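Remarks on the structure that follows.
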Ligand SMILES: Cc1cc2nc3c(=O)[nH]c(=O)nc-3n(C[C@H](O)[C@H](O)[C@H](O)COP(=O)(O)OP(=O)(O)OC[C@H]3O[C@@H](n4cnc5c(N)ncnc54)[C@H](O)[C@@H]3O)c2cc1C
Ligand SMILES: Cc1cc2nc3c(=O)[nH]c(=O)nc-3n(C[C@H](O)[C@H](O)[C@H](O)COP(=O)(O)OP(=O)(O)OC[C@H]3O[C@@H](n4cnc5c(N)ncnc54)[C@H](O)[C@@H]3O)c2cc1C
């Protein structure tokens, strides 16, 4: 094999995390290689629901989510391509009084992080969103959140990174990573790459790679279940999510301007990271029906035309692994985003690039450090 | 053993003969079809209250139609027939059924998919105008409801159905403004030896062509479609004749089709392996000679496995049932396998002849204007596909789907898939097999959200 290809940073995994990191590293002038097993944005990043939502997140994650939201707003100019982000607002609704109390408490708590939510009564909700069911008792609107097209966003980051000078290599599965000296050697079937810094952003597969450096994490793969309806006149502007203690009631849906209504939530299906497939369990789709019509009874008039799932990595505390390795210098992690990484993607890319290029970032990353599992 | 559940999907010729063979072995198969009545496509039955005789509906095929219908009726009480029931998904050894708005999960021990085919479409500018139908759709209107798609109809495309449907329309009293066949006459000549393996079939083809000539229907071969014109409906077809002259035929409806494509989504959902079939230019489920797929317990028969027509479908249905029975531990005489396999052999050769005589015009894809619509559900043009191929680097169909929405609509790529593959392959300059195939996703057809789980 010919001599290793040298870079400053090698990013392993071209989902939205890896592609955005490569893009922002290039903006800082760093020489970066992005290695993706398949096509950029083909896994979770390309098949998710498309929610660009901040409310309802783990509070210490809000600075990151806020940074990300700011980038979403400028994405078209930044990338030179449209990923269909629209700030339609995101409304969380609930059916029970005690849940309404918690929505209010959350609205107070996030204010400290600069996120302004609007608490809406049942009447206010129905006046604004006549499609909502009568049983909805309260809601919380995050006016600046919205949705984007997952099929476009990560590939757009990948192309923009390449245009900015990153070496983006698709169909390049990383087979081995070692650190024999100061540099890492990263091996694919076609070539070997060498750099002093490596970022593992391999989504649900991240744990396999971190384990090679003695940092095992209890990550599991699951497949959120999605569906889309036939197109209807555009009537539902905001993303709607149900806030409930019962996970199976937790549906979310949005309508795209073309008219189709996309939903997800409820029972998760099986995912097979080794086969690169996550399947829809048809029973889950059927069980979603009463759950979505419970929120928007009008949807009962429609038909669903397609279902899908994707492979997402979950950690037991439902927050990702992000930041430097606890054991190996020059090694960084950004994986395991537990079903809400799409919104974070641009912010993760910017923050990791900042951390890697400058050695620090104002975004607090301590809660996401991999050592929280190693210490157990 | 008798309590093992064998399910047959499709009550056409293949499904009928499969069910018959299973019942003969003492099983009580479940036969599922989304149609209200048995018969499938070629032997499609007319709704209750219609009284046309078999001869009027099926012509030369009246005898066979009666035989297949009779065989199915004789199974009454021996099988569980579930009409008007769609199989919308297959998962984990069970079928997911939809009847009206009732959904049911039905586990199976063995599954015979005899799902038939649909028209294969090559778009042409204007093909989304009201008044443009697929050839098969034109025929169904006539066969099932005794309706014509127009008063003055052009049939355009290629394949045996082109002549058959034109003949049936002419016979029913519609004016056939023209039959426009994209395959050149020379292709038929080249195909003659293979077609002669089934002389009776060849004779029928010649008969339809001759009857059309007798009725004064203009038949043009080697044509190139240019456009279907009209404002809110079809007014004319513009085409170029074999000599390259542009011509215009006034009409109020068009039946369009280029042979058939196997309906393979259920096999895909059952996770059967597929391979590229160079004759069909389609990815087809891989089977052994008896219809076994790569998924244990799943068998294929009839046009849904490969397009070989109704007679072959009957044989293949029975053969797949024999294979399923043997795999379930029933004894099936070796001679039965041998004779069915032998009877099927010439069918394959005849089919190759048909594909030689009526080739799928893959090369039209290169000639589409960027503004021509390829995917009608999502309104995706040839230009959109070329853009994702050339500017966004989509190397295969599923990526092109993700980036452009091609094949994402109501039909899930069943109409546009073959043409989209050709446009993509042409744009990339690669053979069509290299762009792969659209992965099947449930539901096979749109599923009402008002659906409730029963059972
Ligand atoms: C169905 C679904 C719905 C979701 N809905 C939302 C939502 O609405 N909002 C939201 O914010 N989040 C949502 N998420 C979560 C979100 O999609 C993910 O958190 C996010 O996309 C993770 O990005 P990633 O780059 O870490 O992972 P991925 O997109 O999975 O990318 C990881 C990449 O690494 C590559 N890779 C793995 N191993 C190797 C190797 N050895 N060598 C080279 N490459 C490798 C993979 O091929 C893959 O492309 C959803 C997820 C799913 C599955
Ligand atoms: C529209 C059309 C017209 C045709 N007309 C002629 C003709 O006139 N002459 C001729 O020689 N050949 C004709 N053919 C070719 C014809 O397909 C074969 O000759 C023959 O009918 C094939 O038999 P089969 O049993 O394989 O499939 P089919 O006869 O097509 O039967 C398949 C059955 O499966 C059912 N089915 C499919 N998918 C599902 C599902 N998901 N759930 C439930 N049920 C399902 C369908 O409703 C159908 O009844 C026609 C084909 C088509 C598509």
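Chains as they are written, first to last, in the working numbering: chain A, 41 to 416; chain B, 7 to 461. Beta carbons are placed, not taken as given, at the ideal position from N, Cα and C, and that holds for glycine. Predicted model, so just to flag it, every value in this text is computed and none were measured.
Chain A residues whose Cβ lies nearer than 9 Å to that of residue i
{"i": "residue 108(B)", "result": "None at all; the shortest Cβ gap to chain A is about 11 Å."}
{"i": "residue 97(B)", "result": "319, 320, 321, 322 and 323"}
{"i": "residue 38(B)", "result": "Those do not exist, as residue 38(B) stays about 15 Å from chain A at its closest Cβ, beyond 9 Å."}
{"i": "residue 414(B)", "result": "268, 300, 345 and 346"}
{"i": "residue 418(B)", "result": "345 and 346"}
Burial state of residue i (16 or more Cβ within 10 Å)
{"i": "residue 385(B)", "result": "exposed"}
{"i": "residue 69(A)", "result": "exposed"}
{"i": "residue 252(A)", "result": "exposed"}
{"i": "residue 369(B)", "result": "exposed"}
{"i": "residue 23(B)", "result": "buried"}
{"i": "residue 140(A)", "result": "buried"}
{"i": "residue 6(B)", "result": "Residue 6(B) is absent from the structure shown; chain B starts at 7 and stops at 461."}
{"i": "residue 149(B)", "result": "buried"}
8 Å Cβ cut-off: residues of chain A touching residue i
{"i": "residue 355(B)", "result": "Those do not exist, as residue 355(B) stays about 38 Å from chain A at its closest Cβ, beyond 8 Å."}
{"i": "residue 447(B)", "result": "320, 346, 347 and 348"}
{"i": "residue 91(B)", "result": "The premise fails here: residue 91(B) is roughly 15 Å from chain A at the closest Cβ pair, so nothing lies under 8 Å."}
{"i": "residue 431(B)", "result": "Ordered by position in chain A, no residue passes the 8 Å Cβ test against residue 431(B), which lies about 18 Å from the chain."}
{"i": "residue 332(B)", "result": "Under the 8 Å cutoff, chain A gives no residues; its nearest Cβ is about 30 Å from residue 332(B)."}
{"i": "residue 452(B)", "result": "270, 343, 344 and 345"}
Any non-hydrogen atom of ligand 2 closer than 6 Å to residue i Cβ
{"i": "residue 48(B)", "result": "yes"}
{"i": "residue 297(B)", "result": "no"}
{"i": "residue 40(B)", "result": "yes"}
{"i": "residue 93(B)", "result": "yes"}
Span separating the alpha-carbon of residue i from that of residue j
{"i": "residue 139(B)", "j": "residue 155(B)", "result": "8 Å"}
{"i": "residue 371(A)", "j": "residue 98(B)", "result": "41 Å"}
{"i": "residue 42(B)", "j": "residue 118(B)", "result": "20 Å"}
{"i": "residue 117(A)", "j": "residue 193(B)", "result": "54 Å"}
{"i": "residue 304(A)", "j": "residue 267(B)", "result": "33 Å"}
{"i": "residue 227(B)", "j": "residue 289(B)", "result": "28 Å"}
{"i": "residue 449(B)", "j": "residue 109(B)", "result": "12 Å"}
{"i": "residue 396(B)", "j": "residue 389(B)", "result": "10 Å"}
{"i": "residue 55(A)", "j": "residue 146(B)", "result": "47 Å"}
{"i": "residue 343(B)", "j": "residue 442(B)", "result": "34 Å"}
{"i": "residue 245(B)", "j": "residue 227(A)", "result": "56 Å"}
{"i": "residue 43(A)", "j": "residue 61(A)", "result": "26 Å"}
{"i": "residue 82(B)", "j": "residue 27(B)", "result": "14 Å"}
{"i": "residue 338(B)", "j": "residue 9(B)", "result": "18 Å"}
{"i": "residue 236(B)", "j": "residue 134(B)", "result": "11 Å"}
{"i": "residue 307(A)", "j": "residue 250(B)", "result": "60 Å"}
7 Å Cβ cut-off: residues of chain B touching residue i
{"i": "residue 207(A)", "result": "The contacting residues do not exist; residue 207(A) stays about 15 Å from chain B at best."}
{"i": "residue 329(A)", "result": "455 and 457"}
{"i": "residue 228(A)", "result": "Ordered by position in chain B, no residue passes the 7 Å Cβ test against residue 228(A), which lies about 18 Å from the chain."}
{"i": "residue 333(A)", "result": "455"}
{"i": "residue 79(A)", "result": "405"}
beta-carbon residue i near ligand 1 non-hydrogen atom, thresh 6 Å
{"i": "residue 272(A)", "result": "no"}
{"i": "residue 266(A)", "result": "yes"}
{"i": "residue 83(A)", "result": "yes"}
{"i": "residue 77(A)", "result": "yes"}
{"i": "residue 88(A)", "result": "yes"}
{"i": "residue 383(A)", "result": "yes"}
{"i": "residue 377(A)", "result": "yes"}
Proximal residues of chain C, C-beta to C-beta of residue i below 7 Å
{"i": "residue 340(A)", "result": "Absent here is chain C; the protein component of the structure consists of chains A and B."}
Under 7 Å by beta carbon: chain A residues contacting residue i
{"i": "residue 102(B)", "result": "322"}
8 Å Cβ cut-off: residues of chain B touching residue i
{"i": "residue 86(A)", "result": "408"}
message: With three or more C-beta pairs closer than 8 Å as the rule, is the segment 255-265 of chain A touching the segment 309-323 of chain A?
response: These segments touch.
- prompt: Does the count of Cβ pairs from the segment 237-250 of chain A and the segment 365-384 of chain A closer than 8 Å reach three?
  reply: Result yes; three or more Cβ-Cβ pairs closer than 8 Å.
message: Using 8 Å as the cut-off, can you tell me whether the segment 357-373 of chain B makes contact with the segment 175-195 of chain B, which would need three or more C-beta pairs spanning the two stretches below that distance?
response: By the Cβ criterion, the segment 357-373 of chain B is in contact with the segment 175-195 of chain B, since at least three pairs of Cβ atoms, one from each stretch, lie closer than 8 Å.
Meets three-Cβ-pair contact criterion under 8 Å: the segment 226-244 of chain B and the segment 123-140 of chain B: Verdict: yes, contact present.
- prompt: Does the pairing of the segment 401-412 of chain B with the segment 158-169 of chain B give three or more beta-carbon distances under 8 Å?
  reply: Contact between the segment 401-412 of chain B and the segment 158-169 of chain B is absent: fewer than three C-beta pairs spanning the two stretches fall below 8 Å.
- request: Count the CB pairs spanning the segment 420-440 of chain B and the segment 102-121 of chain A that are closer than 8 Å, and state whether there are at least three.
  value: Touching, no.
query: Touch check for the segment 282-296 of chain B and the segment 203-214 of chain B: three-plus C-beta pairs under 8 Å?
result: No: the two stretches stay apart, fewer than three of their Cβ pairs being nearer than 8 Å.
field: the segment 69-78 of chain A in contact with the segment 205-223 of chain A per 3-pair CB rule at 8 Å
entry: Touching, per the Cβ criterion.
query: So does the segment 28-42 of chain B actually touch the segment 83-97 of chain B, counting three or more Cβ pairs closer than 8 Å?
result: Enough Cβ pairs lie closer than 8 Å, so yes.
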